[in-house]
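Trainee: First residue of the sequence shown? That's 208 in our numbering, and the numbers climb one at a time after it. For each residue, glycine too, the CB sits at the ideal point set by N, CA and C. Small disclaimer: the values here were computed from a predicted structure and weren't measured. I am attaching a structure below and will ask some questions about it afterwards.
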Amino acid sequence: MDLSYSPEEEEFRVRLREWLAKVLPTLPDKPPPDDWPGRRAYDLGWQRMLYDAGYADVHWDASPTIRLIFLEETEKAGAPYVGANFVGLLHAGPTIAAEGTPGQRERWLPPILRGEQVWCQGFSEPDAGSDLASLRTRARRDGEHYVVTGSKIWTSHAEVADWCELLVRTDPAAPRHRGITWLAMPMDAEGVTVRPLRTLAGSAEFAEVFLDEVRVPVANRVGEENDGWRVTLVTLSFERGTAFVGEVVACRRTLRELARTARENGRWDEPELRRRLGRLDAEFRALWRLTQWNVSAAEATGGVPGAGGSVFKLRYSQARQELYDAAAEVLGPDCLDLDRPWVLDRLSSLSYTIAAGTSQIQRTIVAERILGLPRGR
């Protein structure tokens with residue numbers, strides 16, 4: 208499998224670097240973390256700049272390798288992260304591009320690319336997190352609408368979203384994986400109530416969403432009725448396969464900064480810490496090569512990441528937690544100071560073995576879909 212870059216891909220890299228060097232100094236200050244309306248405006252503004260420069264479509268219309276280069280270079284340059292655009296650009300958008308009708312792609316993809324709409328993810332429920340297929344939110348067909356009743360939790364960016372990628376149960380009598388449907392729900396529909404949730408790190412990018420007889424047009428269904436689990440697997444393959452690419456680059460940069468800080472405060476003299484940082488360096492180098500392998504594999508299979516993304520997600524989640532545990536060791540007593548770098552990152556890292564599919568779920572996927580082991584009873 209070829210992990211090198213073609214001359215055309217390297218030319219794209221150089222052109223992107225030059226553009227980033229020119230525009231990043233012109234950006235306004237980023238709003239504070241708890242100002243989500245301000246963050247929404249900032250993130251949409253950055254997306255519009257990407258669109259005007261011709262870089263907005265790399266998540267769908269470009270090859271997986273070009274997408275990898277884009278995420279690598281924007282992270283290295285310190286460009287804004289996708290932020291409130293996370294679900295639209297990295298989850299819902301790629302799913303609609305892969306599974307939607309021509310009309311749906313024309314309707315929803317351009318506004319996401321132009322920085323005009325924010326999407327949120329309505330998958331998890333209070334009793335259906337890791338076991339997502341046990342979801343209970345019901346959708347009853349009524350003519351040309353589905354009438355949806357239920358609730359969702361950990362709904363990313365729901366308080367500032369225009370649309371929600373929503374999983375509902377349309378056939379309660381069917382086996383649980385076969386009675387699910389993937390819908391695009393407008394967040395301003397009557398009957399939608401959003402209640403933000405505050406995390407351990409003090410942020411509120413998640414919310415509970417309550418749905419009371421919400422009418423969603425049948426035209427907003429992506430894929431066939433009761434075929435939503437298959438469509439969901441496409442969404443999750445993007446979430447676990449390429450959505451964390453930029454974060455691997457960010458972790459490698461953090462690791463270099465940790466080593467520099469350890470030299471400055473004397474912690475570098477501790478052999479065990481040096482070994483720990485060296486092992487983490489090797490770990491993230493390996494994860495980057497695994498990312499390249501997964502992208503190369505996706506390129507050979509039509510652009511949709513495969514089950515290899517679960518291997519990456521499984522190890523990356525643990526490595527990220529180990530990285531910020533090492534950061535706490537470097538900081539010493541300062542690791543309790545919430546105003547110090549890396550302290551809030553350490554708190555947020557605790558969620559990574561749960562978010563986007565728990566580590567237990569990833570192990571099951573690897574066992575069944577890659578190793579071919581028998582399904583547990």
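Using the beta-carbon count (16 or more within 10 Å), is R447 buried or exposed?
Mentor: On the sequence shown, residue 447 is found 240 positions in, with the first residue counted as 1. Residue confidence for R447 is low, a pLDDT of 48 falling below 50, so the modelled location carries little weight; the figure read from the coordinates is stated next. Buried, by the Cβ-count rule.
Trainee: Going by the DSSP bridge assignment, what does Y353 pair with across the sheet?
Mentor: Here residue 353 refers to the residue found at position 146 when the sequence shown is read from its first residue. Partner(s): R348 and V423.
Trainee: Reducing DSSP to helix, strand and coil, say where Q328 ends up.
Mentor: The residue labelled residue 328 in the question sits at position 121 within the sequence shown. It is a strand residue.
Trainee: For the beta strand (DSSP E) that T272 lies in, which residues bound it at each end?
Mentor: Sequence index remark: in the sequence shown, residue 272 carries index 65 (1-based). Premise fails: T272 lies in the alpha helix (DSSP H), P271 to K283, not in any beta strand (DSSP E).
Trainee: Exposed or buried, what is F472 when buried is set at 16 or more other beta-carbons lying within 10 Å of its beta-carbon?
Mentor: As a first step, residue 472 is located in the sequence shown; it is residue number 265 there, counting from the start. Per the sequence presented here, residue 472 reads as Asn, with Phe not at that position. Flag for N472 reads exposed.
Trainee: Hey, out of T302, R246 and L530, whose CA is closest to V441's CA?
Mentor: Taking the sequence shown and counting its residues from 1, the one referred to as residue 441 is at position 234. For V441, the nearest C-alpha among the options comes from T302.
Trainee: For L251, which residues from the same chain have a beta carbon less than 8 Å from its beta carbon, with the 5 sequence-adjacent residues on both sides left out?
Mentor: Counting from one through the sequence shown, the residue named residue 251 turns up at place 44. Excluding sequence neighbours, L251 sits near A291, N292, G322, E323 and V325.
Trainee: Which value, in whole angstroms, describes the spacing of the CA atoms of R490 and A466?
Mentor: Start at 1 with the first residue of the sequence shown, and residue 490 comes out as number 283. Start at 1 with the first residue of the sequence shown, and residue 466 comes out as number 259. The sequence given here has Glu at residue 490, not Arg. E490 and A466: Cα-Cα distance of roughly 15 Å.
Trainee: Quick check: the Cα distance between P581 and L530, rounded to an integer number of angstroms?
Mentor: As a first step, residue 581 is located in the sequence shown; it is residue number 374 there, counting from the start. As a first step, residue 530 is located in the sequence shown; it is residue number 323 there, counting from the start. Those two C-alpha atoms are separated by around 34 Å.
Trainee: Would you call the stretch 259-276 and the stretch 378-395 touching, i.e. three or more CB-CB distances under 8 Å?
Mentor: Contact between the stretch 259-276 and the stretch 378-395 is absent, because fewer than three Cβ pairs lie under 8 Å.
Trainee: I believe V585 touches V429 by the beta-carbon criterion, under 8 Å. Please report the beta-carbon distance rounded to the nearest angstrom.
Mentor: Lying outside 208 to 584, the shown extent of the chain, residue 585 is not represented and no answer is given.
Trainee: Tell me which same chain residues have a C-beta within less than 6 Å of the C-beta of N427, skipping the five on either side of it?
Mentor: Translated into positions along the sequence shown, residue 427 becomes position 220. Excluding sequence neighbours, N427 sits near L390 and A391.
Trainee: Distance, Cα to Cα, P244 vs F413?
Mentor: As a first step, residue 244 is located in the sequence shown; it is residue number 37 there, counting from the start. As a first step, residue 413 is located in the sequence shown; it is residue number 206 there, counting from the start. Approximately 14 Å between the Cα atoms of the pair.
Trainee: Quick one: what does DSSP say G579 is sitting in, helix, strand or coil?
Mentor: Taking the sequence shown and counting its residues from 1, the one referred to as residue 579 is at position 372. In this structure, G579 counts as coil in the three-state DSSP scheme.
Trainee: Just checking: is the beta-carbon of R347 within a distance shorter than 8 Å of some beta-carbon in chain B?
Mentor: Absent here is chain B; the protein component of the structure consists of one chain.
Trainee: Between the beta-carbon of Q569 and the beta-carbon of L521, is there less than 8 Å?
Mentor: As a first step, residue 569 must be located in the sequence shown, where it is residue number 362. As a first step, residue 521 must be located in the sequence shown, where it is residue number 314. Cβ atoms of Q569 and L521: closer than 8 Å.
Trainee: With distances taken from CA atoms, which of P382, L320, V455 and V416 is nearest G435?
Mentor: The residue given as residue 435 occupies position 228 in the sequence shown. Ranking the options by Cα distance to G435, first place goes to P382.
Trainee: Going along the chain, which unbroken runs of the alpha helix (DSSP H) with 4 or more residues stay wholly within the stretch 457-485?
Mentor: With a minimum length of 4 residues, no continuous alpha helix (DSSP H) run stays inside the stretch 457-485.
Trainee: Taking the DSSP output, what are the residues bridged to W389?
Mentor: Within the sequence shown, residue 389 is the residue found at index 182, counting from 1. Answer by DSSP bridge pairing, in chain order: L374 and V429.
Trainee: Could you check whether the stretch 307-320 touches the stretch 352-367, counting it as contact only if at least three pairs of C-beta atoms, one from each stretch, sit closer than 8 Å?
Mentor: With a cut-off of 8 Å, the stretch 352-367 and the stretch 307-320 do not count as touching, because too few Cβ pairs lie within range.
Trainee: I'd like the list of long-range same chain contacts for I360, defined as Cβ closer than 7 Å, with 5 residues on each side in sequence excluded.
Mentor: By one-based count along the sequence shown, residue 360 stands at place 153. Around I360: S331, E332, P333 and E415.
Trainee: What number of angstroms, rounded off, separates the C-alpha of Y262 from the C-alpha of L297?
Mentor: Mapped onto the sequence shown, residue 262 falls at position 55. Mapped onto the sequence shown, residue 297 falls at position 90. Distance between the alpha carbons of Y262 and L297: 14 Å.
Trainee: Grouping DSSP H, G and I as helix and E and B as strand, with all else coil, what is V401?
Mentor: Against the sequence shown, residue 401 aligns to sequence position 194. Strand at V401.
Trainee: Can you tell which of L373, A411, A299 and D419 has its C-alpha closest to the C-alpha of G357?
Mentor: Taking the first residue of the sequence shown as position 1, residue 357 is located at position 150. The residue with the shortest Cα to Cα distance from G357 is D419.
Trainee: With burial defined as no fewer than 16 other Cβ atoms inside 10 Å of the residue's Cβ, what is the status of T362: buried or exposed?
Mentor: For the purposes of this step, residue 362 is identified with residue 155 of the sequence shown, where counting begins at 1. Counting Cβ neighbours within 10 Å, T362 comes out buried, since at least 16 surround it.
Trainee: According to DSSP, is K359 helix, strand or coil?
Mentor: Residue mapping note: residue 359 aligns to position 152 of the sequence shown, counting from 1. Correct three-state label for K359: strand.
Trainee: Can you find the residues in the same chain that come closer than 6 Å, C-beta to C-beta, to W315, ignoring five residues on each side of it along the sequence?
Mentor: On the sequence shown, position 108 is the one that residue 315 refers to. Excluding sequence neighbours, W315 sits near I303.
Trainee: Using the three-state DSSP reduction, which class does D264 fall into: helix, strand or coil?
Mentor: Start at 1 with the first residue of the sequence shown, and residue 264 comes out as number 57. Three-state DSSP puts D264 in a helix.
Trainee: If you pair each beta-carbon of the stretch 305-315 with each one of the stretch 473-483, do three or more pairs fall below 8 Å?
Mentor: No, they do not touch.
Trainee: Given a threshold of 16 other Cβ atoms within 10 Å of its Cβ, counted over all protein chains shown, does G453 qualify as buried or as exposed?
Mentor: If you number the sequence shown from 1, residue 453 lands on position 246. Its Cβ being crowded by 16 or more others within 10 Å, G453 is buried.
Trainee: Along the alpha helix (DSSP H) that carries D338, what are the first and last residues, could you check?
Mentor: Walking along the sequence shown from the start, residue 338 turns up at place 131. Note, D338: premise wrong, no alpha helix (DSSP H); not H, not E.
Trainee: Do you know how far the Cα of G285 is from the Cα of F219?
Mentor: Along the sequence shown, one-based indexing puts residue 219 at 12. Along the sequence shown, one-based indexing puts residue 285 at 78. Roughly 18 Å between the two C-alpha positions.
Trainee: Measuring straight from C-alpha to C-alpha, what distance separates V423 and C458?
Mentor: Taking the first residue of the sequence shown as 1, we reach residue 423 at position 216. Taking the first residue of the sequence shown as 1, we reach residue 458 at position 251. Rounded to the nearest angstrom, the two C-alpha atoms are 40 Å apart.
Trainee: Just how far apart, CA to CA, sit K229 and R460?
Mentor: Locating residue 229 in the sequence shown gives position 22, counting from the first residue. Locating residue 460 in the sequence shown gives position 253, counting from the first residue. Distance between the alpha carbons of K229 and R460 is about 22 Å.
Trainee: Out of D349, E313, W370 and R345, point me to the one whose CA is closest to T377's CA.
Mentor: Locating residue 377 in the sequence shown gives position 170, where the first residue counts as 1. Ranking D349, E313, W370 and R345 by Cα distance to T377 puts R345 first.
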